[in-house]
Structure formats: structure tokens, C-alpha cells
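K.L.:
Numbering (my numbering), first residue to last: 24 to 315. Ideal Cβ placement from N, Cα and C applies to all residues, glycine included. The structure displayed is predicted, hence computed values, not measured ones.
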Amino acid sequence: MTSFADLAVTAVREVAPLAGVAAGDLELIRVGDRAVLRLSHGQIIARVERGMDRLEQSRREVEVARWLTAEGLPVTRPLDVEQPFVVGGTVVSLWHAVDGEWTVPAELGRLLRKLHGLRPPAELSLPALDPFSRVDERIEAVQGIPDEDKAQLRTLARDLRGALQEVEYVLPTAVIHGDANIGNVLRTPEGEAVLFDLDGVCWGPPEWDLAITAVYRELGWHTDAEYEEFCQAYGFDVTQLPGYPVLRAVRELRMTCWLSQQAGDDESIAAEVSRRIQDLADPARPRLWHPY
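(1) Take the Cβ of S63 as the centre, count every other Cβ of all protein chains shown within 10 Å, and call the residue buried at 16 or more, exposed below.
(2) Return yes when the Cβ of A45 is within less than 8 Å of the Cβ of L117, no when it is not.
(3) Given this structure, state the Cα-to-Cα distance separating C254 from L194, to the nearest angstrom.
(4) Using the beta-carbon count (16 or more within 10 Å), is W125 buried or exposed?
(5) If we require 3 or more residues per run, which beta strand (DSSP E) segments fall completely within the stretch 217-297?
(6) Are the Cβ atoms of V87 and R277 separated by less than 8 Å?
(7) Within 10 angstroms of the Cβ of D222, are there 16 or more other Cβ atoms? Answer buried if so, exposed if not.
(8) So, for G129: in the same chain, excluding its five sequence neighbours on each side, which residues have a beta-carbon less than 6 Å away from its beta-carbon?
(9) On the three-state DSSP scale, how would you describe G131?
(10) To the nearest angstrom, report how far apart R308 and V198 are at their CA atoms.
(11) Please list the segments of the beta strand (DSSP E) lying wholly inside the stretch 174-221, counting only runs of 3 or more residues, in order along the chain.
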């Protein structure tokens, strides 16, 4: 059976000449919700979706990037061609590569503060946040973990749906990133912090974006000092929200379900997913999670 990674490589080789660029030696960067590859001697990034159901979302991501660029927010930029492309039963978009290094949470906080203050043009229709987007399908598709673990994920998702409806937010609804973690920001050699992976941009509570950095701090992936600087840069500490524990639990569930896509191909990841599921059942249990 042909892997999704192989299908992605084939799709990018077909798209490159349509966009007027040379594919060259392709480099597969990562595979998750979609495959991300480098081409054209590292100057271009290709994002390949897992299916045609992502066509509208990919098209909107290109439009969002062009709008945010016009607003002066430093974001990854799509190639100036008509896109996305539909080839081989999937969807491909092409982007200018961003060369840089991982940055610090404070710079993410500043980017989010500016993003949350913007208002899109009328012609750009953004969806409302769906906190459980793709959670159910990932649970049903996961392989490599015991059936009881999958059943536990179903129960957690059901319970958290109800709990999240009771959360009261204090910040006004805004344009949010949707997946605002530090892995989606790079600092260029010129010192500019650039935001990317814009496919989840939508209307929603800013607390949803802010919760990821708070969760990373609690997992030990950010220091207390880094988190404090993040809060100062943005101007709000989401952990003071009474409903924050629910936001944290939903974020942890989403992180686990995202990782579960790779559980069938890697025993160490399957073990990590099972460990996370057991932790999710007990909010007080220490999280010794590995970042991926």
C-alpha cells in the first residue's frame, strides 16, 4: 500500500511545473494532518493535504496569508500563482520558505496580540472555531493502541464537549490562529518573527490561542520565566480564567489525537499515546510527555 508520504511526493512533482518552478530534490519535512516538503533547492515549501475535503480550507489559508501580509503581520507567504492545486485526489499549496530559528514565547505573544486586533475584509469569510475539529475521525482512525485506550479517548472527547460549553470567556471574540504554538513561529536572520500554518485561522475566543503556551509551560516545555514574558507581551494570563482547566484538558486531548495519527507506524509513539491517554483520565497525574 502506498504511503501518504509517497503520494505527497508524487503530487508535488506534478504540481511544480504547473506553478512554473523546479522541483529539484524533494525533502520531506514532516507528516501529520498534512505532508510538508521542501523543493526548488529549499526555496519553496509544499503543503499537501490528506484529501479533497481540505480544498476549501487550503484555499482559505492562501487568502488569509495574503490578507495578513497586506496588514503588515509577518506571516508565511504563498507563491503568487492561482492556487491551491488539485492533483492525484489531494490538494497542494506552495509557499515561500522561511529560513530562521525557533523563537521565544514572548514573540509569539506579540504576534497574537496584533492578530487578535485585526478585522478581516468582508469578502474573506472565516469560520467559527470548532475546538473538536478532526478529533472524532482521528480517534476512529488510530492504530497501534489497545481498544480500551481508543474507548477512553471517546469518553474523554464526549465529556469535554459538555464541559467546554460551560466555559465563560472574558476576552472579546477575535480572529484567532487556532494552533498558536511556538513551533509555528520562526525568527529570521533579520530578527523578524514570522507566523505560519494559517489553515486554522477563524473567529473564536483569544483564550483558545493563549492556552497552548500555558499548557506547554505546565508540560515543562516552556520555563516559568518564558511564560511570564509571554503573558507580559500579550497582556493577559489565561491560567487566571476559571475555565482554564477545561481549555487545558481539551488542548491535551487534541495534542494526543494529533500524535495518534503516527501510532500505527512507530511503537515508541504508540507507547507515548497510551501514556498520554492514561494521564488525561487524571488531571493531577504528572505529565512526562515528549514533544513531537
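P.N.:
Let's see:
(1) For the purposes of this step, residue 63 is taken as residue 40 along the sequence shown, with counting starting at 1. With 16 or more Cβ atoms within 10 Å of its Cβ, S63 is classed as buried.
(2) Here residue 117 refers to the residue found at position 94 when the sequence shown is read from its first residue. Here residue 45 refers to the residue found at position 22 when the sequence shown is read from its first residue. It is not a contact, given that the beta carbons lie outside the stated cut-off.
(3) To locate residue 254, count along the sequence shown from 1; it is residue 231. To locate residue 194, count along the sequence shown from 1; it is residue 171. Roughly 14 Å separates the two Cα atoms.
(4) Taking the sequence shown and counting its residues from 1, the one referred to as residue 125 is at position 102. Classification for W125: exposed.
(5) Complete beta strand (DSSP E) runs here, min 3: 225-227.
(6) Position 64 of the sequence shown, counted from the start, is the residue given in the question as residue 87. Position 254 of the sequence shown, counted from the start, is the residue given in the question as residue 277. Cβ distance not < 8 Å, so V87 and R277 don't count as in contact.
(7) Numbered from its first residue, the sequence shown carries residue 222 at position 199. Under this definition D222 is a buried residue.
(8) As a first step, residue 129 must be located in the sequence shown, where it is residue number 106. Note on identity: in this sequence residue 129 is Ala, with Gly being the wrong assignment. Taken in chain order, the residues that qualify are E252, F253, A256.
(9) Walking along the sequence shown from the start, residue 131 turns up at place 108. A small correction: the amino acid at residue 131 is Leu; Gly does not occupy that position in the sequence shown. L131: helix per DSSP, three-state reduction.
(10) As a position in the sequence shown, residue 308 is number 285, starting the count at 1. As a position in the sequence shown, residue 198 is number 175, starting the count at 1. Each residue's Cα considered, the two are about 34 Å apart.
(11) 197-199, 208-210, 216-218
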